[in-house]
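One point on numbering: in UniProt numbering, the residue at position 125 of the sequence shown is 125, and numbering is uninterrupted.
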Amino acid sequence: MGVPPYEGWVERQIREATERGEFDDLPGAGRPLRGIESSDPDWWVKGMMAREGLDCSDALPPVLQLRREAAGYPQSLAEERHEADVRELLRDFNRRVLDERRRPTFGPTAPPLAPTVDVEQMVAAWRRLREERAVVPTPVEAPGSPPSPRRWWRRLLGR
């Protein structure tokens, strides 16, 4: 392989590394580059989010975040212990929806809207969900199963 008449510093470094074999046996050698056929301008963001396992819901517009939150009701409320807390969460959600509706919009098309939730209906659904989860039977040990081994520190302390 001959040296070109004018060779810059970068080209020379690449040529010398190739001659030394530093580019041989690299991972992915001989395989096509991923994403080169796509014309998506956000390919790198989407790739990074997939690679890092990031949740893109925080990047959504507020109205779509509210819609996603409403779609999770009443299951997302199941961990709340008190009805007053559930009511407060739902009132706060409705307040945020109304604040979003009052925000000025621009353009000829109507903006998307997030629905408000009926607090009483959602509290009733929360109650039913809590009752269903409370009735789940606990597994009973089979009569012939061996006793569980004692922990080492219980054996040491004689408990």
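Idealized CB from N, CA, C, for every residue including glycine.
**Asked** Is it right to say P74 is buried, meaning 16 or more other beta carbons lie within 10 angstroms of its own, or is it exposed?
**Response** buried
**Request:** Determine the contact status of Q65 and S76, defining contact as a CB-CB distance below 8 Å.
**Result:** no
**Asked** Exposed or buried, V97, counting other C-beta atoms within 10 Å across all chains shown (16 or more means buried)?
**Response** Around the C-beta of V97, 16 or more other C-beta atoms lie within 10 Å, and the residue is accordingly described as buried.
**Prompt:** Leaving out the 5 sequence neighbours to the left and right, which residues in its chain are closer than 7 Å to E100 when beta-carbon positions are compared?
**Reply:** P62, V63, L66, A114
**Request:** Locate the alpha helix (DSSP H) running through I14, then write down its first and last residues.
**Result:** Counting along the chain, the unbroken alpha helix (DSSP H) around I14 starts and ends at 9–20.
**Request:** Run the CB neighbour count on V117, radius 10 Å, all protein chains shown included, and call it buried at 16 or more, exposed below.
**Result:** buried
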